[in-house]
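Participant: In this note's numbering, the protein residues as written are 1 to 493.
Dropping the structure in here first, questions after.
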Amino acid sequence: HDMEHGLVRYVTRACSKTSCQSCLAQEGCRWCPATQSCHDKLSIMDKCDIPINSAGQCWGERCAYQLGDFLNRRPNDAGQWIKQTMDSIASPLAPFPTYPSPVTGMFDLATGLALSDHMGGGAVHGYTIAAMADWGTGTCEARSVARLAASEDPDMTVHLGDVYFVATDEQFRTNFCGLQRNPTQEGVAFPKGKQVTFAMMGNHELISGGAGLYYTAFPYTGQQATYAAWQSDSWRIVALDTGRLSYRTDIEGIREVEVGETDAPMPSVVVEWLTDIVRLGDPEDKRGILLLSHHQPYDAFSTAYLGAANQLNKILPKGKQVVWLFGHNHALAIYKKMQLRNLDYVMYPRLIGHGGFPNIMQKPKRTDGLVAYDERTYQSIPDDDGRSQSIGYNGYAKIVINGNDLEISYITADCVNANCDSGLSEVQSTTVARERFTSDLATGDVVQAALSLDESLLTVLTNGTEPDDDVASVSCLSQSELGHYNAALNHFD
1 HDMEHGLVRY VTRACSKTSC QSCLAQEGCR WCPATQSCHD KLSIMDKCDI PINSAGQCWG
61 ERCAYQLGDF LNRRPNDAGQ WIKQTMDSIA SPLAPFPTYP SPVTGMFDLA TGLALSDHMG
121 GGAVHGYTIA AMADWGTGTC EARSVARLAA SEDPDMTVHL GDVYFVATDE QFRTNFCGLQ
181 RNPTQEGVAF PKGKQVTFAM MGNHELISGG AGLYYTAFPY TGQQATYAAW QSDSWRIVAL
241 DTGRLSYRTD IEGIREVEVG ETDAPMPSVV VEWLTDIVRL GDPEDKRGIL LLSHHQPYDA
301 FSTAYLGAAN QLNKILPKGK QVVWLFGHNH ALAIYKKMQL RNLDYVMYPR LIGHGGFPNI
361 MQKPKRTDGL VAYDERTYQS IPDDDGRSQS IGYNGYAKIV INGNDLEISY ITADCVNANC
421 DSGLSEVQST TVARERFTSD LATGDVVQAA LSLDESLLTV LTNGTEPDDD VASVSCLSQS
481 ELGHYNAALN HFD
């Protein structure tokens with residue numbers, strides 16, 4: 001601006017280009033995907049809540065959202081997180097859905113039919129599950145992951161929770177059911193399994209009271225509740241609900257998102273279901289157990305949530321071994337076989353929170369329980385404050401069950417071109433790790449029979465060629481070890 005005859009006159013840049021790439025080639029210009037128009041980054045003519053600010057996001061302009069919408073330091077993003085959270089936390093808390101009698105919530109993995117006996121379940125061979133966590137962003141990256149997962153022709157697909165920003169009905173419609181967001185931006189659909197499609201509850205679903213999940217996602221998936229068990233003659237796959245109680249609620253049902261985070265326990269009805277219906281503690285049941293949850297019972301990068309882990313300690317037989325897949329932290333990491341202090345069972349923890357959210361690069365706070373993690377940079381996205389944030393690759397886990405063998409492949413989408421500024425491919429992917437577990441029906445043990453890590457892509461801290469059957473005794477991070485971790489920002493997770 002300048003002063004002329006005592007008046008302030010503002011002069012803006014000529015941001016008049018008609019494509020995202022050419023717009024961003026002009027200094028100080030931003031692209032609005034909703035209006036397909038170019039504006040000065042400070043212009044009041046910009047109708048976008050969060051305009052595109054880097055050329056690498058242009059490839060995804062036609063999807064409902066872009067990865068740059070969800071960063072936590074960019075002022076536009078922070079404003080949206082705060083506004084949407086505050087607008088949603090007082091929404092009515094929807095009633096918790098449970099199974100009506102005589103439905104047990106247990107299903108035959110082979111046929112999908114309901115079971116009445118906790119020992120039920122037939123033989124399966126080549127049964128494929130695609131699992132992803134923190135996927136519900138509505139970005140073209142999430143679309144690439146969804147289409148890659150769909151190409152596996154899965155019998156079951158499972159989302160381990162979190163639709164963004166705050167899992168409203170509208171955000172579930174666009175970011176999960178695939179409905180159009182506006183005339184220029186299309187929605188992104190979660191891939192359906194041939195037999196089962198299942199949506200779990202994360203903390204974001206709770207922010208808006210659960211209505212988006214219960215009333216919009218359930219009709220899309222066909223499920224009745226946020227917890228379930230699918231059983232073969234060798235394996236039990238159990239979905240847990242750690243999202244429903246992940247924030248404290250006041251007497252009026254308002255969620256205390258900023259200062260009321262809990263250790264994410266399961267609702268009592270789920271604990272009773274696991275104990276009395278599923279009978280997860282039956283010592284005569286020697287089948288292997290694969291647990292699915294949103295929150296992590298162990299984390300080398302940030303805080304862990306031990307609510308469900310402690311509840312399971314009162315249910316599982318002592319010494320029982322389980323494989324546990326989870327999200328919430330936006331990364332891909334494989335941990336050692338471990339027994340957490342004060343717990344009587346053993347777990348193989350696996351973090352698969354790289355489904356669709358911009359997984360901002362992290363360094364582990366501790367490495368004693370860590371086998372490998374993915375710290376490759378997919379893109380660097382500016383914060384509009386002179387700094388940028390490096391974000392990692394998105395992907396999913398492919399689980400294949402053959403009799404008493406359970407194989408998990410950890411897959412990330414490939415870039416379309418060498419520098420990744422054309423986004424993630426919908427047809428090309430890379431398996432960065434693969435492992436195979438065997439369920440010993442004589443002892444009830446779960447044995448890691450094989451492990452393969454791509455050491456050219458992953459950061460590997462232990463031997464990546466042979467499975468290690470030793471049990472590490474570890475504890476979770478103390479608050480003093482979290483360093484700069486800000487618990488008040490956990491609703492970004």
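Yeah, the Cβ is synthetic: ideal placement off N, Cα and C, and Gly gets one too.
With Met-338 and Tyr-298 assumed to form a contact (beta carbons below 8 Å), what rounded beta-carbon distance in angstroms separates them?
Facilitator: The residue given as residue 338 occupies position 338 in the sequence shown. The residue given as residue 298 occupies position 298 in the sequence shown. Sure, about 7 Å apart at Cβ, within 8 Å.
Participant: Mind checking if Glu-261 is an interface residue toward chain C, Cβ cutoff 8 Å exclusive?
Facilitator: This model lacks chain C altogether; it includes just one protein chain.
Participant: Below 8 Å on the Cβ atoms is my guess for Phe-326 versus His-294; work out the distance and round it to an integer in Å.
Facilitator: Sequence index remark: in the sequence shown, residue 326 carries index 326 (1-based). Sequence index remark: in the sequence shown, residue 294 carries index 294 (1-based). Right, the Cβ-Cβ distance comes to about 7 Å (below 8 Å), so this counts as a contact.
Participant: For Thr-157, does the count of other Cβ atoms within 10 angstroms reach 16, so buried, or fall short, so exposed?
Facilitator: Position 157 of the sequence shown, counted from the first residue, corresponds to residue 157. Classification for Thr-157: buried.
Participant: Output the residue ranges of the beta strand (DSSP E) runs that lie fully inside the stretch 333-409 and measure 3 residues or longer, sorted by chain position.
Facilitator: The stretch 333-409 contains these whole beta strand (DSSP E) runs: 338-340, 346-352, 370-373, 379-382, 388-391, 395-402.
Participant: Roughly how many angstroms lie between the CA atoms of Glu-61 and Ser-388, to the nearest whole one?
Facilitator: Locating residue 61 in the sequence shown gives position 61, counting from the first residue. Locating residue 388 in the sequence shown gives position 388, counting from the first residue. Their Cα atoms are separated by approximately 20 Å.
Participant: So, is Ser-16 buried or exposed, given that buried needs 16 or more other C-beta atoms within 10 angstroms?
Facilitator: Walking along the sequence shown from the start, residue 16 turns up at place 16. Ser-16 should be labelled exposed.
Participant: Going straight from the alpha carbon of Gly-444 to that of Ala-472, what length do you get?
Facilitator: The sequence position of residue 444 within the sequence shown is 444, counting from 1. The sequence position of residue 472 within the sequence shown is 472, counting from 1. When rounded, the distance between both Cα atoms is 19 Å.
Participant: In the stretch 161-230, which residue ranges form an unbroken beta strand (DSSP E) of at least 3 residues, counting only runs that do not cross its ends?
Facilitator: Fully enclosed beta strand (DSSP E) runs of 3 or longer: 196-199.
Participant: Let me know the beta strand (DSSP E) ranges lying completely inside the stretch 8-72, each 3 residues or longer, listed in chain order.
Facilitator: As far as the stretch 8-72 is concerned, its whole beta strand (DSSP E) runs of at least 3 residues are 29-32, 37-40.
Participant: Are the beta-carbon atoms of Ile-237 and Ala-229 separated by less than 8 Å?
Facilitator: Indexing the sequence shown from 1 puts residue 237 at position 237. Indexing the sequence shown from 1 puts residue 229 at position 229. Closer than 8 Å, so yes.
Participant: Return the residue from the list Thr-221, Arg-181, Asn-175, Asn-203 that minimises the CA-CA distance to Gln-195.
Facilitator: Residue 195 sits at position 195 when you count from the first residue of the sequence shown. Measuring from the Cα of Gln-195, the nearest candidate turns out to be Thr-221.
Participant: Quick check on the DSSP output: the beta strand (DSSP E) that includes Ser-425 runs from which residue to which?
Facilitator: Walking along the sequence shown from the start, residue 425 turns up at place 425. That run of the beta strand (DSSP E) goes 424-439.
Participant: Just the Cα atoms here: how many angstroms apart are Leu-213 and His-159?
Facilitator: Taking the sequence shown and counting its residues from 1, the one referred to as residue 213 is at position 213. Taking the sequence shown and counting its residues from 1, the one referred to as residue 159 is at position 159. Cα to Cα, Leu-213 sits roughly 11 Å from His-159.
Participant: At 4 residues or longer, what runs of the alpha helix (DSSP H) sit wholly inside the stretch 292-317?
Facilitator: As far as the stretch 292-317 is concerned, its whole alpha helix (DSSP H) runs of at least 4 residues are 307-313.
Participant: Are there three or more Cβ pairs, one per stretch, closer than 8 Å when the stretch 450-465 is compared with the stretch 366-381?
Facilitator: Segments in contact, yes.
Participant: Given Ile-207, which residues of its chain have a CB within under 7 Å of its CB, disregarding the five upstream and five downstream residues?
Facilitator: Looking up residue 207 in the sequence shown gives position 207. Same-chain partners within the cutoff: Thr-85, Ser-88, Ile-89, Val-166, Ala-167, Arg-255, Val-257, His-491.
Participant: Out of Ser-429, Cys-420, Ile-401, which has the shortest C-alpha to C-alpha gap to Ile-411?
Facilitator: As a first step, residue 411 is located in the sequence shown; it is residue number 411 there, counting from the start. Out of Ser-429, Cys-420, Ile-401, Ser-429 has the C-alpha closest to the C-alpha of Ile-411.
Participant: Roughly how far, in whole angstroms, is the beta-carbon of Ser-234 from the beta-carbon of Gly-403, given that I think they are within contact range, below 8 Å?
Facilitator: In the sequence shown, residue 234 corresponds to position 234, counting from 1. In the sequence shown, residue 403 corresponds to position 403, counting from 1. Between Gly-403 and Ser-234 the Cβ distance is about 6 Å, and since that is below 8 Å, they are a contact.
Participant: Would the beta-carbon of Val-188 fall within 8 Å of that of Gly-202?
Facilitator: Translated into positions along the sequence shown, residue 188 becomes position 188. Translated into positions along the sequence shown, residue 202 becomes position 202. Contact flag unset, no.
Participant: Rounded to whole angstroms, what's the CA-CA distance from Phe-301 to Asn-310? Just pull it up for me.
Facilitator: In the sequence shown, counting from the first residue as 1, residue 301 sits at position 301. In the sequence shown, counting from the first residue as 1, residue 310 sits at position 310. Rounded to whole angstroms, Phe-301 to Asn-310 spans 21 Å at the Cα level.
Participant: Expressed to the nearest angstrom, what Euclidean distance is found between the alpha-carbon atoms of Gly-79 and Tyr-345?
Facilitator: Mapped onto the sequence shown, residue 79 falls at position 79. Mapped onto the sequence shown, residue 345 falls at position 345. Each residue's Cα considered, the two are about 43 Å apart.
Participant: Leaving out five residues before and five after Cys-29 in sequence, what residues of the same chain have Cβ atoms less than 8 Å from its Cβ?
Facilitator: Within the sequence shown, residue 29 is the residue found at index 29, counting from 1. Same-chain partners within the cutoff: Arg-13, Cys-15, Lys-17, Cys-23, Cys-38, His-39, Asp-40, Lys-41.
Participant: Starting from Thr-128, trace the alpha helix (DSSP H) in both directions and tell me its first and last residue.
Facilitator: Counting from one through the sequence shown, the residue named residue 128 turns up at place 128. Where Thr-128 is concerned, there is no enclosing alpha helix (DSSP H), although the beta strand (DSSP E) it sits in stretches over 125-132.
Participant: Opposite Phe-326 in the DSSP bridges: which residues?
Facilitator: Locating residue 326 in the sequence shown gives position 326, where the first residue counts as 1. DSSP output for Phe-326 lists Leu-351 as bridge partner(s).
Participant: Indicate the three-state DSSP secondary structure (helix, strand or coil) for Glu-495 in the structure shown.
Facilitator: Coverage of the chain is limited to positions 1 through 493, which leaves residue 495 absent and any answer about it impossible.
Participant: Report the start-end ranges of each beta strand (DSSP E) in the stretch 74-118 that is 3 residues or longer and not cut off at the edges.
Facilitator: Within the stretch 74-118, the complete beta strand (DSSP E) runs of at least 3 residues are 106-108.
Participant: First and last residue of the alpha helix (DSSP H) that includes Val-474?
Facilitator: As a position in the sequence shown, residue 474 is number 474, starting the count at 1. First-last for Val-474: 472-474, but that is the beta strand (DSSP E), not the alpha helix (DSSP H).
Participant: Output yes or no for whether 8 Å exceeds the beta carbon distance between Tyr-164 and Asn-182.
Facilitator: The residue given as residue 164 occupies position 164 in the sequence shown. The residue given as residue 182 occupies position 182 in the sequence shown. Their beta carbons are not under 8 Å apart, which means Tyr-164 does not touch Asn-182 by this criterion.
Participant: If the criterion is Cβ atoms closer than 8 Å, does the pair Gly-122 and Thr-111 meet it?
Facilitator: For the purposes of this step, residue 122 is taken as the residue at position 122 of the sequence shown. For the purposes of this step, residue 111 is taken as the residue at position 111 of the sequence shown. Yes, the pair counts as a contact, with Cβ atoms nearer than the cut-off.
Participant: Quick one: give me the first and last residue of the alpha helix (DSSP H) that Leu-148 is part of.
Facilitator: Counting from one through the sequence shown, the residue named residue 148 turns up at place 148. Its alpha helix (DSSP H) spans residues 140-150.
Participant: Starting from Val-447, trace the beta strand (DSSP E) in both directions and tell me its first and last residue.
Facilitator: Mapped onto the sequence shown, residue 447 falls at position 447. Start and end: 446-453.
Participant: Use the C-beta contact count for Val-259: other C-beta atoms within 10 angstroms, 16 or more gives buried, fewer gives exposed.
Facilitator: Counting from one through the sequence shown, the residue named residue 259 turns up at place 259. Exposed, by the Cβ-count rule.
Participant: Return yes when the Cβ of Ile-391 is within less than 8 Å of the Cβ of Pro-358, no when it is not.
Facilitator: For the purposes of this step, residue 358 is taken as the residue at position 358 of the sequence shown. For the purposes of this step, residue 391 is taken as the residue at position 391 of the sequence shown. Yes; because the gap between Cβ atoms is below 8 Å, this pair is in contact.
Participant: Checking 8 Å against the spacing of the C-beta atoms, do Ala-55 and Asp-383 come in under that value?
Facilitator: As a position in the sequence shown, residue 55 is number 55, starting the count at 1. As a position in the sequence shown, residue 383 is number 383, starting the count at 1. No, the Cβ-Cβ distance between Ala-55 and Asp-383 is not below 8 Å.
Participant: Smallest Cα separation from Gln-185: which of Gly-193, Lys-192, Arg-173, Thr-438?
Facilitator: Mapped onto the sequence shown, residue 185 falls at position 185. Closest by alpha carbon: Arg-173.
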